[in-house]
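K.L.:
So the sequence shown is residues -35 to -1, 1 to 601, counted in mature numbering (1 follows the signal peptide of the UniProt record, and there is no 0). Heads up, the beta-carbon is just placed ideally off N, CA and C, and yes, glycines get one too. Just so you know, these numbers come straight off a predicted model, no measurement behind them. Got a structure for you, written out below as structure tokens; questions coming shortly.
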Amino acid sequence: MEHIMSAFSKPKAFKPTALVGAVAVAMGFSSSVFAETTATEQKIAVSPLETIVVTATRSEEKIENVPALISVIDKKTIEQNPAVNLSDLIQRDPSVFVKQSGGLGQITEISIRGTRPNHTLVLKDGARLNSQNHISALYPSFIDTTDIGQIEILKGPASVQYGTDAIGGVIQMKTATPVKNGGFITGIYGENNTYKAIAGADLVQDNFYAQIRGQRLESDGTRILDNQSKDQKASYDQKGYSAKVGYDNKKDFKADLAISQNEGLSQYYNYMTDKNDAERIFENRLINSNIQYGITEDLTLSARYSNFIDKQQVKDNNPNHFDTENNEGDLNLKWNVNTENSLLIGATYLESDFKSNDIKNKKQSIDSVGYYVQHQYQTEKLNTQLGVRTEDNEMFGTHTVGQGAVRYQLLPDTSIYANIGTAFKAPSLTELYYFTEGTYGNTYGNPDLKPEESISYEIGLNQNIGQHLTAFLSAYQTEVKNLISYKYGSPNSTYINIDKAEIKGGELGFKWEKDDLFLTTEYAYADSVNKKTDLKIAYRPKQTLTFTTGLENATYGISASLIARSDIYADGANKVKAPGYATVDLNMYWNINPNVKVFSNIINMGDVNYRTADNFGNGWYVDGGREASVGITFKY
């Protein structure tokens, strides 16, 4: 079941013959053990309203109490298809649009609720992954999800909690914490000679735990442009590992240290040779440490330090490297004043560096310090959140943002919420200092750029309809001043601030569950307009519909998902359109016994090669089409 709840060189060891033999051995395990495990899994099934989230308030909170719209992708959904990446998972939420320059392994950009790609902040266990490189700030297709246990999508501004970049929303990946000893190995084979192998082990002893994961993916890939033949493919190779160790005494102290590293090579389109022979070698690594100490029963001190590097070396007609690094520290104190009131006070330090031949002086850096305070009031009927943050940026001075939100339980089955918040986005070092001379013109950064500033309003409703059906409805408006845009010119192009952008939208969703059957559907509307020209902002679908249905239990399951999007403008002048599209995915699994699971996925069953971005007249970027795969997991 797709649990998206909105307040709701090829691996030589991977051989099919070896997998078949292992299945035969594993099926010999006792069926009585399987019956016991199945019963346990059924007992611990969690209701959507019992889902715990942390992104909206920086502390654990039931999703039903959050005075904003937040979606959760759970571990079961993430594990349905271990071959997909972060981009594939999050675009099942209709408020998220992923602009993709080709199929598997090609660069992607995330937009939430019609905002710019770098208005979305991406976190992993609280650590910032956004970089100072390029307009998208992050390529989620290069982020591995092997160690992820939950993904939270917070819609709306969150600069009070996290500072710059969170105008459109926040995507936070929460790593899984081991609860028992065990291990597993997974093998997957898919179309286009796609192979993936994953292995992992968990260890729990008293209050200590450790987890390790390793993965390897290789694929011949698919074509990138619609005017290429289907055998003109772009290959993709990725490998990496993650490890996490921690201590939790379940009372007043817990700490963990985690590292994850991924590296690989992605071929992409070279406009000088008109072939997919350019190469991007990438590496990203996150080191993240967290400590939480209960000074008293009502006073908790939390500290985090993270280091994230993102390196890319491109080999095409203009070889270059793009090396970025974030060093971030956060310290906060939470005080439970009484049973209804709590206060969170904290400070964050962020140092960002960027090295490239395409920026002035080859290296630039920027530092920022933020101070925040947040008050929460919670009763059975009323939940409020009020916060303010002052950010001192060494280049752009001081910015103060605020947020106020309330959720009220109007009736036993009805709750309403409203929130208002301001946010900001400091220009990236690319936008400030980019410098390149090309055959078709020069591009320069603009050191006079101003930070983007926004204000957002939202109202919403959550409703239980009978015993098995829930629904939600939201409406919002976001205004962004000093919106940064790319201005084409001859002979020079650059980045500029435009006056204002306005986004009006809403979301509607229904979720039905009864026994093993389920059905979920959501609709999102977002109208993004450049108020200076009254033209639609490019690459923002106005309407998106998702639909998922199926039958699932602890033994077997089958489900189908639909994603349908309206057409989009592919240029700021609103003269070029990419047509809308609809795709259908299919997932099946069978837990043969507690030690063996077999599964199959068909992404884009109709093999729809929909257009995702224009390539300046050389053709349209298209997705990878159908991707069918089969896999097996052995665990103990």
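1) Beta-carbon within less than 6 Å of Val61's beta-carbon, same chain only, minus the 5 sequence neighbours each way: which residues are those?
2) Buried or exposed: where does Asp58 fall if 16 or more other Cβ atoms within 10 Å of its Cβ makes it buried?
3) Rounded to the nearest angstrom, what separates Glu536 and Ala543 at their Cα positions?
4) Quick one: residues in its chain with C-beta nearer than 7 Å to the C-beta of Tyr601, no 5 flanking neighbours on either side, listed in chain order?
5) Should Pro284 be labelled buried (16 or more other beta-carbon atoms within 10 Å of its own) or exposed?
6) Taking 8 Å as the threshold, find out whether the stretch 167 to 187 comes into contact with the stretch 197 to 207 through three or more Cβ pairs.
7) Helix, strand or coil for Phe107, going by three-state DSSP, please let me know.
8) Along the chain, which unbroken stretches of the beta strand (DSSP E) at least 3 residues long are found entirely within the stretch 520 to 589?
9) Gln137 to Lys216, Cα distance in whole Å?
10) Nearest-angstrom Cα distance between Leu347 and Gln341?
11) Helix, strand or coil for Thr395 per DSSP?
12) For Asp481, tell me which candidate among Asp295, Asp242, Ala503, Glu517 has the shortest Cα-Cα distance.
13) Have a look at Asn30 and Ile256 and give me their C-alpha separation to the nearest angstrom.
14) Identify whether His84 lies in helix, strand or coil by the three-state DSSP scheme.
15) Under DSSP, the alpha helix (DSSP H) around Glu44 begins and ends at which residues?
16) Decide if Pro456 is buried, meaning its Cβ has at least 16 other Cβ atoms within 10 Å, or exposed.
17) Give the list of continuous beta strand (DSSP E) stretches no shorter than 3 residues that lie fully inside the stretch 333 to 378.
18) If you draw a straight line from the alpha carbon of Thr435 to that of Tyr314, how long is it in whole angstroms?
19) Comparing alpha-carbon positions, which option in Ser321, Gly335, Phe437 lies nearest Asp378?
20) Contact defined as beta carbons within less than 8 Å: I believe Asn249 pairs with Ser271. What is the distance between those atoms, to the nearest angstrom?
21) Should Asp413 go down as buried or exposed, given a rule of 16 or more other Cβ atoms within 10 Å for buried?
22) Could you tell me which residues DSSP pairs with Glu487 in its beta bridges?
23) Can you tell me which of Val302, Gln226, Ala223 puts its alpha carbon nearest to the alpha carbon of Glu262?
24) Around the C-beta of Leu264, are 16 or more other C-beta atoms found within 10 angstroms, so that it is buried, or is it exposed?
25) Identify, in the order they occur along the chain, each residue of the same chain with its Cβ nearer than 6 Å to the Cβ of Asp242, setting aside the five sequence neighbours on each side.
26) Using only the alpha-carbon positions, how far apart do Ala391 and Gln126 sit?
27) Do you know how far the Cα of Ile75 is from the Cα of Thr140?
28) So, Ala123 versus Leu86, is the Cβ gap smaller than 8 Å?
29) Alpha carbon to alpha carbon, how far is Ser321 from Lys327? Give it in angstroms, no decimals.
30) With DSSP as the reference, label Gln115 as helix, strand or coil.
31) My assumption, with CB atoms under 8 Å, is that Glu290 sits in contact with Asp318. Please give the rounded CB distance.
32) Please list the terminal residues of the continuous alpha helix (DSSP H) segment that includes Asp167.
33) Any contact of the stretch 102 to 117 with the stretch 29 to 45, i.e. 3+ C-beta pairs under 8 Å?
34) Using DSSP with H/G/I as helix, E/B as strand and the rest coil, what is Asp130?
35) Taking the CB atoms as reference points, tell me whether Leu190 and Val135 lie closer together than 8 Å.
36) Under 8 Å between the Cβ atoms of Ile528 and Asn495?
P.N.:
According to the data block:
1) Ile55, Ile77
2) buried
3) One detail in the question is off: residue 536 reads as Asp in this sequence, not Glu. For Asp536 and Ala543, the distance between alpha carbons rounds to 10 Å.
4) Gly147, Gly148, Asn560
5) exposed
6) yes
7) helix
8) 521 to 530, 546 to 558, 561 to 568, 576 to 579, 585 to 587
9) 26 Å
10) 10 Å
11) helix
12) Glu517
13) 25 Å
14) helix
15) 40 to 45
16) exposed
17) 347 to 358, 362 to 376
18) 41 Å
19) Phe437
20) Rounded, the Cβ-Cβ distance is 13 Å, inconsistent with contact.
21) exposed
22) Gly474, Thr511
23) Val302
24) exposed
25) Asn235
26) 16 Å
27) 21 Å
28) yes
29) 5 Å
30) strand
31) 5 Å
32) Per DSSP, Asp167 belongs to no alpha helix (DSSP H); it is in the beta strand (DSSP E), 159 to 170.
33) yes
34) coil
35) no
36) no
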